[in-house]
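In the working numbering, the protein residues as written are 6 to 308.
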């Protein structure tokens with residue numbers, strides 16, 4: 006199944022001709038996580054080919070406008086399209102009043118179900134077949150949380166071992182589900198024909214100064230989506246207003262063993278994306294992506 010990030014917007018507080026406000030859709034097998042729907046998210050989803058019915062969870066990091074002003078349109082569209090499943094909504098509990106205002110910003114006929122599950126403190130906030138979703142508090146002028154999605158560890162089947170033990174067809178699936186299977190009078194166990202495979206990790210870090218939880222969220226992430234509002238020439242400004250520079254983000258990725266680094270949330274003062282690439286390359290020599298609106302970025306697979 007597909008695991009990819011669909012970038013809906015990469016700007017910060019003020020959109021530009023080439024960058025809309027924030028918006029990120031993570032397709033994760035049967036789940037669809039919509040992160041920080043800024044102004045215009047519903048229209049960007051249309052351009053990106055993301056149906057509102059694909060959303061299963063909405064995750065808001067904080068209640069500055071560029072991270073949440075698209076919520077009214079998305080919520081109303083859920084009802085307009087009569088999306089049958091419940092959509093879970095996660096956000097800082099201190100912003101419950103803001104969420105209520107946004108959710109009911111205007112009159113509409115509400116038929117879709119949005120279940121609010123706010124984050125009160127650091128820790129897991131949801132779990133299921135997709136893995137565990139954790140929220141950790143960040144450092145910003147208003148309360149903000151970052152999100153980490155961790156898939157359960159699994160196994161990788163070894164074709165040669167399966168053939169050697171004569172395990173074929175439906176027996177392979179039964180072996181994965183039950184842990185053993187009998188073939189020609191002999192019991193074959195899962196560990197005889199497989200090797201451990203670590204689950205995939207995704208991290209989403211928006212507006213924050215450097216703090217311990219930035220590193221905790223990014224730890225061993227296969228994909229880290231992280232703000233880099235400023236270049237290091239504005240590092241003092243970044244610290245004052247609770248943001249990161251491209252070099253900050255790159256160094257976090259390097260230290261945490263990130264496989265794919267996705268930089269986004271660029272200040273409108275910059276019109277050269279390559280400047281962020283050049284600066285980040287000073288601190289991170291792995292797979293680096295400077296996010297652009299309406300692009301798709303595959304989550305690196307694990308063997």
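C-beta atoms are modelled at their ideal positions from N, C-alpha and C, and glycine is treated no differently.
Boundaries of the beta strand (DSSP E) in which residue i is found, first to last residue
i           : result
residue 242 : Taken as a continuous stretch (DSSP letters only), residue 242 belongs to no beta strand (DSSP E), being part of the alpha helix (DSSP H) at 240-246.
residue 74  : Element bounds for residue 74: n/a, residue is neither H nor E.
residue 264 : Per DSSP, residue 264 belongs to no beta strand (DSSP E) and is neither H nor E.
residue 249 : Segment: none, residue 249 is in no beta strand (DSSP E) and carries neither H nor E.
residue 4   : Because residue 4 is not part of the residues shown, which for the chain are 6 to 308, the question remains open.
residue 201 : 199-202
Three-state class that DSSP yields for residue i in the structure shown
i           : result
residue 208 : strand
residue 215 : coil
residue 67  : coil
residue 318 : Nothing about residue 318 can be read from this structure; the chain reaches only from 6 to 308.
residue 95  : strand
residue 268 : strand
residue 16  : strand
residue 37  : strand
residue 85  : helix
residue 294 : strand
residue 311 : For the chain, the structure presents residues 6 to 308; residue 311 sits outside this window and is missing.
residue 57  : helix
residue 255 : helix
residue 80  : helix
Extent of the continuous alpha helix (DSSP H) to which residue i belongs
i           : result
residue 278 : 278-286
residue 51  : 46-53
residue 102 : 101-108
According to DSSP, residues forming a beta bridge with residue i
i           : result
residue 10  : 31 and 302
residue 289 : For residue 289, which the question treats as bridged, DSSP gives no partner whatsoever.
residue 235 : 250
Whether residue i touches residue j by CB criterion (8 Å)
i           : j           : result
residue 230 : residue 267 : yes
residue 234 : residue 271 : yes
residue 198 : residue 236 : no
residue 255 : residue 285 : yes
residue 94  : residue 63  : yes
residue 228 : residue 265 : yes
residue 138 : residue 151 : no
residue 251 : residue 269 : no
residue 67  : residue 165 : no
residue 124 : residue 77  : no
residue 210 : residue 195 : no
residue 299 : residue 53  : yes
Whole runs of the alpha helix (DSSP H) within the region 119-196, excluding any shorter than 4 residues: 164-170 and 175-183
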